[in-house]
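Colleague: One structure coming up, written as structure tokens, with questions to follow.
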Amino acid sequence: MNTGTVTAQLLYEIGPAEYPNPDVVARFDTIRVTDHGSDRVSLSGVKGLAAPAMAKVCLNLEGGFRNRMTFVLTGLDQQRKAEWLTDALFRRIGGRDRFDEVDVRVVPAPSDAPTQEQASGRLHITVKSSDEKLVGKAFSGAAIELALANYPGFFGTGGPSDAQSYGVYWPALVPIEHVHEIVVLPDHSRLAVSPPPRSHVATGMTQSQDTAVASTAEPRGPKVGEALGSYFAARSGDKGGNANVGIWARDAHGYAWLAAHLTVDALKPLLPEAADLEVRRYELPNLHALNFVIVGLLGEGVASSTAFDAQAKGLGEYLRSRVWGG
1 MNTGTVTAQL
11 LYEIGPAEYP
21 NPDVVARFDT
31 IRVTDHGSDR
41 VSLSGVKGLA
51 APAMAKVCLN
61 LEGGFRNRMT
71 FVLTGLDQQR
81 KAEWLTDALF
91 RRIGGRDRFD
101 EVDVRVVPAP
111 SDAPTQEQAS
121 GRLHITVKSS
131 DEKLVGKAFS
141 GAAIELALAN
151 YPGFFGTGGP
161 SDAQSYGVYW
171 PALVPIEHVH
181 EIVVLPDHSR
191 LAVSPPPRSH
201 VATGMTQSQD
211 TAVASTAEPR
221 GPKVGEALGS
231 YFAARSGDKG
241 GNANVGIWAR
251 DAHGYAWLAA
261 HLTVDALKPL
271 LPEAADLEVR
281 RYELPNLHAL
291 NFVIVGLLGE
301 GVASSTAFDA
311 QAKGLGEYLR
321 SRVWGG
């Protein structure tokens with residue numbers, strides 16, 4: 001345990017600096033993390049606000065059914081092979097419009113690679129519908145039946161699969177007067193809990209900052225052509241359909257670089273899937289950190305998402321691998 005591991009946990013799945021709980025709002029911009037040697041870390045200076053006037057609630061709904069087939073694209077012309085199969089498959093099963101949602105993703109691989117596996121890309125085709133039969137073997141079986149009449153080297157990663165049900169995560173804020181907290185005791189008696197004092201200030205008070213922020217420390221960070229991860233650590237996760245990625249420096253000099261250079265406009269080329277999405281940027285100078293929330297990156301949440309990393313667990317490490325372009 002050290003300041004890095006504690007900072008990683010503080011930045012995990014958060015949004016603004018004000019973190020709302022049922023009975024208090026914790027201000028993450030006041031936390032001081034101090035290393036005291038081997039596996040000894042202290043947290044101090046933490047301040048809070050009165051409990052929020054709105055409560056976080058959610059519903060988990062039945063979304064319907066889905067199925068996914070994955071095909072291997074080996075060697076040359078991977079994009080053309082993917083288009084050939086996709087067009088043939090949807091002609092065979094009556095077109096894309098029959099489905100509630102269709103997601104087609106091509107993950108290419110270098111064609112001139114040391115091994116066949118390294119030269120093999122992937123084509124993922126996901127379909128969703130309220131009709132279980134439509135996305136069951138009627139879909140996956142039709143895909144496999146194309147094996148002898150499609151692109152050279154056709155094969156999949158599995159056989160025809162059945163449809164799977166999926167859920168939809170629906171979060172909301174509800175005025176606290178509509179939420180009644182009750183404790184059920186072992187004897188099945190029920191005890192109403194009196195609410196704490198409430199703040200009438202909305203949660204998420206810290207506004208996102210899209211522009212650079214001045215610092216008195218001399219900035220130190222990656223030069224053009226160097227990876228962000230050579231200087232900074234990161235932690236990422238999901239918040240419903242949104243993803244967050246916190247990135248932090250070891251000291252004030254590194255944070256000065258982050259604050260000055262890693263704006264929303266600078267982040268989007270590093271995370272191309274966020275290019276057309278709303279991105280919110282929050283500053284945590286006490287942790288030498290920035291936190292970014294990417295709105296809608298994960299669709300309607302992990303239960304229904306078709307994203308490769310449906311909980312954004314690896315997003316922070318992907319950001320660290322990206323090379324700074326200036």
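Quick note: the sequence shown uses the UniProt record's numbering, first residue 1, plus one each step. Each residue gets a CB set at the ideal place from its N, CA and C atoms; glycine is no exception. Model, not experiment: these values are computed from the prediction.
Tell me the rounded alpha-carbon separation between glutamate 117 and isoleucine 144.
Modeller: Sequence index remark: in the sequence shown, residue 117 carries index 117 (1-based). Sequence index remark: in the sequence shown, residue 144 carries index 144 (1-based). Computed Cα separation, rounded: 21 Å.
Colleague: For serine 75 versus alanine 119, is the C-beta distance shorter than 8 Å?
Modeller: Within the sequence shown, the letter at position 75 stands for residue 75. Within the sequence shown, the letter at position 119 stands for residue 119. Serine is not the amino acid found at residue 75; the sequence shown has glycine there. Yes, they are a contact pair.
Colleague: Based on the DSSP output, what are the partners of valine 102 in its beta bridges?
Modeller: Along the sequence shown, one-based indexing puts residue 102 at 102. Answer by DSSP bridge pairing, in chain order: Val127.
Colleague: In three-state DSSP terms, what is aspartate 251?
Modeller: On the sequence shown, position 251 is the one that residue 251 refers to. Reduced to three states, the DSSP call for aspartate 251 is coil.
Colleague: Report the option in Val106, Asp100, Asp97 whose CA atom is closest to the CA atom of leucine 85.
Modeller: Taking the first residue of the sequence shown as 1, we reach residue 85 at position 85. Answer by Cα proximity: Val106.
Colleague: Between proline 219 and the rest of its own chain, which residues show a CB-CB distance below 7 Å, the 5 nearest in sequence each way excluded?
Modeller: Residue mapping note: residue 219 aligns to position 219 of the sequence shown, counting from 1. So the qualifying residues of the chain are His253, Ala256, Trp257, Ala260.
Colleague: On a Cα-Cα basis, can you pick out the residue from Asp309, Gly241, Arg280, Glu18 that is closest to glycine 299?
Modeller: The residue you call residue 299 lines up with position 299 of the sequence shown. When each option's Cα is compared against that of glycine 299, the closest is Gly241.
Colleague: Apart from the five residues just before and just after threonine 7, which ones in its own chain have a Cβ nearer than 7 Å to its Cβ?
Modeller: Sequence index remark: in the sequence shown, residue 7 carries index 7 (1-based). Only Val33, Trp248, Leu287, Ala289 meet the Cβ criterion.
Colleague: For arginine 96, which residues of its own chain have a beta-carbon under 6 Å away from its beta-carbon, when the five flanking residues on both sides are left out?
Modeller: For the purposes of this step, residue 96 is taken as the residue at position 96 of the sequence shown. Phe90, Val102, listed in sequence order.
Colleague: Can we say the segment 64-80 touches the segment 316-324, given the rule of at least three CB pairs closer than 8 Å?
Modeller: Touching, no.
Colleague: State the Cα-Cα distance for the pair glycine 301 and lysine 313, rounded to the nearest angstrom.
Modeller: Locating residue 301 in the sequence shown gives position 301, where the first residue counts as 1. Locating residue 313 in the sequence shown gives position 313, where the first residue counts as 1. Those two C-alpha atoms are separated by around 13 Å.
Colleague: Pick out whichever of Leu262, Glu18, Glu13, Ile125 has its Cα sitting closest to the Cα of threonine 306.
Modeller: For the purposes of this step, residue 306 is taken as the residue at position 306 of the sequence shown. That would be Ile125, whose Cα lies nearest to the Cα of threonine 306.
Colleague: Could you give the distance in angstroms between the alpha-carbon of asparagine 291 and the alpha-carbon of lysine 268?
Modeller: Position 291 of the sequence shown, counted from the first residue, corresponds to residue 291. Position 268 of the sequence shown, counted from the first residue, corresponds to residue 268. Asparagine 291 and lysine 268: Cα-Cα distance of roughly 14 Å.
Colleague: Going by other Cβ atoms of all chains shown within 10 Å of its Cβ, with 16 needed for buried, is glycine 94 buried or exposed?
Modeller: As a first step, residue 94 is located in the sequence shown; it is residue number 94 there, counting from the start. By the 10 Å Cβ count, glycine 94 comes out exposed.
Colleague: Checking the sheet assignment: what are the DSSP bridge partners for tryptophan 170?
Modeller: Reading the sequence shown from its first residue, position 170 is the one you call residue 170. Per DSSP, Leu59.
Colleague: Would proline 171 and lysine 47 be called neighbours here (beta carbons separated by less than 8 Å)?
Modeller: Locating residue 171 in the sequence shown gives position 171, counting from the first residue. Locating residue 47 in the sequence shown gives position 47, counting from the first residue. No, they are not a contact pair.
Colleague: Looking at serine 199 and alanine 26, is the spacing between their C-beta atoms short of 8 Å?
Modeller: By 1-based counting over the sequence shown, the position of residue 26 is 26. By 1-based counting over the sequence shown, the position of residue 199 is 199. For alanine 26 and serine 199, no; Cβs fall outside 8 Å.
Colleague: Is DSSP giving glutamine 116 helix, strand or coil here?
Modeller: Within the sequence shown, numbered from 1, the residue matching residue 116 stands at position 116. Of the three classes helix, strand and coil, the one that applies to glutamine 116 here is coil, per DSSP.
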